[in-house]
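Below: the structure, in structure tokens.
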Amino acid sequence: MKSSSSSSSSDSHIPTKIPKISERLVWVDLEMTGLNVEEEKIMEAAIMITDGDLNVVAEGPNLILKVDDRVLDNMNEWCKKHHGEEVVYKRV
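Structure follows, in structure tokens:
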């Protein structure tokens, strides 16, 4: 049986693959005052870009938007409880 113990020098260094722009995903996470996208307001937007293997390539911006107090007061109870436990509700 023949053993192969040598390797070519080209095998010793494999270049890191840089993903093409078409292989990247842009993730947008929106925190809103409710679930009806036609009526509710955006309170926070966070953006992240990943490569094809879901490794984070870039993060941000993370934006907190000013929402009128009337709108916040009229959120349903689930939203008030959920967002009330988060820092975002206290910062809008």
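Each step along the sequence shown adds one to the number in full-length UniProt numbering, with nothing skipped, and position 74 is 74. Glycine included, C-beta positions come from ideal geometry on N, C-alpha and C. Since the model is a prediction, treat every value here as computed from it, not as a measurement.
query: Residues sharing a beta bridge with glutamate 31, DSSP; result: Glu44
query: Three CB pairs or more closer than 8 Å across the region 49-59 and the region 68-86; result: no
query: Pick from Glu77, Ala46, Cys79 that is closest to valine 28, judged by C-alpha positions; result: Ala46
query: Whole-Å CB distance - glutamate 44 paired with leucine 65, under 8 Å assumed; result: 7 Å
query: Glycine 84 in three-state terms, based on DSSP; result: helix
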